[in-house]
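The listed protein sequences correspond, in order, to chains A and B.
The first sequence begins at 27 in the working numbering and counts up by one.
The second sequence begins at 18 in the working numbering and counts up by one.
Remarks on the structure that follows.
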Amino acid sequence: MISLRKALSSVLALSVVFSVFGVTGCHGNVTRNEFTVPEYFDTSRQFEITFWAKNDTNVNQTRIYNQAIEDFEALYPNISVNLRLYTDYNKIYNDVITNIATDTTPNVCITYPDHIATYISGENTVVPLDNLFTDERYGLGGSELLFESPSVDQIVPQFLDECTINGVHYCMPYMRSTEALYINKTYVEALGYEIPDIVTWDFIWEVSNAATAKNPDGTYAINGQDVMIPFIYKSSDNMMITMLRQLGAGYSDDYGNIDIFNDTTTSILRTVADETALGAFSTFTVSGYPGNFLNAGQCIFGVDSTAGSTWMGPHAPLSDIHESNIVDFEMVVRPVPQYDTENPLMMSQGPSVCVFNKEDPQEVLASWLFAQYLLTNDVQIAYAGTEGYVPVTTMAQESQEYQDYLNDPEEYSIKIDVTNMFLENIGNTFVTPVFNGSTSLRNAAAQLINNTVKSVRRRETIDDEYFANMYEEVTALYRLDQLSASKDSRAELGPLPSESKALLITLGVVWIGIGVYFAYGLVKKRKKS
Amino acid sequence: MKAMKKVLSLAVVAAMALSVFACSADTAETTSEETQAAVDYEYMSYAEYEAAALDTEVTVLCTVMATQSWWEDQITVYAQAFDGDGAYFIYNMACSEEDSEELFEGATILVTGYKSEWEGEVEITDATFEFTDLAQENPMEPVDLTADFGNDDALIAYQNRNFTMTGLTVEASGDNGDAFLYSWDGSGSQGDDLYFTVSNGETTMTFTVESYLTGADTDVYQAVEALNVGDTIDVAGFLYWYQGANPHITSVVEAQ
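This is the structure we're talking about:
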């Protein structure tokens, strides 16, 4: 799990790289023709494709990738898939950026839509999938496929929409998760509270403040230990984004206009500062994994991904802490804290899959076939079961096999609970706008919270001047002012359509022709005279 | 308030000033270096650093033992206290690429940051630094922690130190009984951190080859990839901490 911290450490760096690309909109001199779907897939040729996959440092996920490749190659003996494993998205992102410049991108890649927004600033780098989706022979549910593929309609619409950039699908959802509130019910009840079905932010702060009470010997009354951080949020960026969304406050728009520096943000940060000062709150970046503190009885509320559920709870199958430090307690899960319990909102997140363009359309088609194979029930259900993920197709979600999984008493109950919670709330999920620079903004959102927490712990003065200075520093660090300035027409309108290009070329040829004719006329006149 | 140790001796400065006049041309270089060594650096001794509360600003003088790979203006440093009685882990210190090339083993730097704790690792974060011309006269020899193998209560006293352990046996890791794993559970691939388990016959520890410190092209990475279950080895490394001792191994050789 320590590698995850490494991933975070590279976030700043990547965002800077990202910003540079955001400003220049260029990854090198590699240009490529638009991909057009071949009429047929050439099974007489051998294709070797590379698949860069991300797993949650979970060997079961690795096994599923390998099994998927083996099964796919059995169906398509003329396609060989080389798997390269990653354990964090940022490293994939970094490697893709590097390989775009050298024209050595993978064929198929697990990624975030935010990252694709950068990839596509190179011309025809990533294959737009809309034509592939609907291709009758090789598209989703196509007639020539050698496996049962979902139709477009069988991909959960919310998840598919997340893969749209400037109206074009550049990726497909592969797995989806959300965040969950993992609660030490034993401690909450010991403090005299009952956990509601939907937990509010006020409830979180009230119980957390109560949990900071100490014994005369300096230990915490609730656990008798020296350490108690009642509320820890794993993803500081998600925390800020979710709170802003729940309050209807600005963050950004689809065009990259940055709206995060507003009064609501300041109000949220003041709460963060107050609760940190009381010892009620911290973040992963500052203190560590919520699960480690929860399992040691040193935390009451932890927000982490549903895809981290197998690490959460005293009986979790995975744990980073020594078993002698695990405290027994009853754990329950809820949606993330809300401001409006009638209209809960939570983040939708998770890996997507994209196909990189190549010179040979047949190679791209082979890549597309494999990418599509990742949406088959076998892969979807198996992978979702490794963590608190949800399959992205209704075909898988509604299958008997998946229903059996959800009802299997042998499965880790917390994992099943968060999965069910997510399934019940798919309609309450949201995503943030994707644009060239959205990753930088996300990192900035995280830094606002983390800086505030650190500053309180370091006894700095938190006032209006502090927030003004921090906004200025974060804006400069992540070049957010340049991001807004660089939301050029290309970002807004997408690449020029081929018809327009043809028209412009024709106009150019006509003007050249007129020029030549005019010059010829002049020469003729002179000769006559 | 943190106590500060001043490396300022007016007497030394005065003596050096006199020596400038007294020295012949061929000793001028030495005199210049000595003058640099007398520059006024304010820093905490290691003992003062140890006594400082978490989340307080600290300034330490230290000599680089190793660095992780530089990445976009940040670098993580393993350093010994200039005083020679302890070690620091300086996480993601601000550093330009140009400066990172000068941040080699033996460079002495003045670091200002915050004493922090993350999952049990006490480290310096949000740090900046400046180079000094001070020469480390007493590079810290690795401490032999073989006797404390597997005993976190004893090892914690040596957190971040360079250390050795000898005569350890490679144990099987993961479901397939491998001698090492790419990533903690074998879910990674070459280039990722390596994890391997060793025993002293009584208890086991899991060691890490941190890929940002010693990548796939280094001797230690390749030595671990070549391990077999049952091999007896001597190791050296830095005593990093993550929910207990989680050493970053920099050398693996056949037991002597």
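Glycine residues also receive a C-beta, built at the ideal position from the N, C-alpha and C atoms.
All values reported here derive from a predicted model rather than from experimental measurement.
- With 16 or more neighbouring CB atoms inside 10 Å of its own CB, PRO139/A falls in the buried class.
- By the CB criterion at 8 Å, ASN104/A and THR131/A fall outside the cutoff.
- Residue contact check for GLY205/B against chain A: a CB pair falls below 8 Å.
- Under DSSP, ASN179/B shares a beta bridge with PHE255/B.
- The distance from the Cβ of VAL153/A to that of PHE61/A is about 5 Å, consistent with a contact at the 8 Å cut-off.
- No Cβ of chain A is located within less than 8 Å of the beta carbon of TRP258/B.
- With a threshold of 16 other beta carbon atoms within 10 Å, LYS240/A falls short and is exposed.
- Shown here for GLN398/A: same chain residues with a beta carbon closer than 6 Å to its own, the five before and five after excluded, namely SER175 in chain order.
- Within the region 90–105 of chain B, the residues whose Cβ lies closer than 7 Å to any Cβ of chain A are, in chain order, GLN91.
- At a cut-off of 8 Å between beta carbons, HIS341/A makes no contact with chain B.
- Check the Cα spacing between VAL312/A and each of GLU119/B, GLU140/B, GLU67/B, ALA68/B: the tightest is with GLU140/B.
- The beta carbon of GLY261/B falls within 8 Å of a beta carbon belonging to chain A, placing the residue at that interface.
- If you look at GLN272/A, you'll find it in the alpha helix (DSSP H) that goes 262–272.
- For the options GLN207/B, GLU65/B, ILE173/B, GLY203/B, the alpha carbon positioned closest to that of PHE99/B is the one of GLU65/B.
- Flagged as an interface residue toward chain A: GLU136/B, by a C-beta distance shorter than 8 Å.
- Comparing C-alpha distances from VAL160/B to each of TYR63/B, TYR60/B, PHE255/B, VAL270/B shows the shortest one belongs to PHE255/B.
- About 17 Å separates the beta carbons of PRO343/A and GLY328/A, which is beyond the 8 Å limit, so they are not a contact pair.
- In this structure the region 467–475 of chain A lies against the region 485–500 of chain A, because at least three pairs of beta carbons, one per stretch, are closer than 8 Å.
- VAL482/A is a Cβ neighbour of ALA303/A, given a cutoff of 8 Å.
- Positions of the beta strand (DSSP E) runs, each at least 3 residues long and wholly inside the region 144–188 of chain B, are given as 179–188 in order along the chain.
- With fewer than 16 neighbouring CB atoms inside 10 Å of its own CB, HIS348/A falls in the exposed class.
- Assigned with DSSP and collapsed to three states, GLN251/A falls in coil, not helix or strand.
- At a beta-carbon threshold of 7 Å, the residues of chain B lying near GLN87/A are SER204, ordered along the chain.
- The region 237–252 of chain A makes no contact with the region 288–299 of chain A: fewer than 3 CB pairs, one atom from each, lie closer than 8 Å.
- Taken through DSSP and simplified to helix, strand or coil, VAL85/A comes out as helix.
- Under the 10 Å beta carbon count, THR332/A is surrounded by 16 or more other beta carbons and is classified as buried.
- With three or more CB-CB distances shorter than 8 Å, the region 211–228 of chain B counts as touching the region 186–197 of chain B.
- Taking 8 Å as the upper bound for CB-CB distance, MET266/A and LEU401/A are not in contact here, some 32 Å apart.
- Look at the region 61–125 of chain A and you find these whole runs of beta strand (DSSP E), each 3 residues long or longer: 73–80, 105–112.
- Secondary structure note for GLN423/A: its alpha helix (DSSP H) is the uninterrupted segment 420–423.
- Judged by their CB atoms, ASN157/A and LEU111/A are not nearer to each other than the 8 Å cut-off.
- Between the region 76–93 of chain B and the region 103–121 of chain B, the count of C-beta pairs closer than 8 Å reaches three or more; the two stretches touch.
- SER393/A and ARG202/A have their C-alpha atoms spaced approximately 22 Å apart.
- Under the DSSP assignment, PRO435/A falls outside any alpha helix (DSSP H); it carries neither an H nor an E label.
- Assigned with DSSP and collapsed to three states, GLU59/B falls in strand.
- When beta bridges are read from the DSSP output, THR129/B appears opposite THR76/B, THR145/B.
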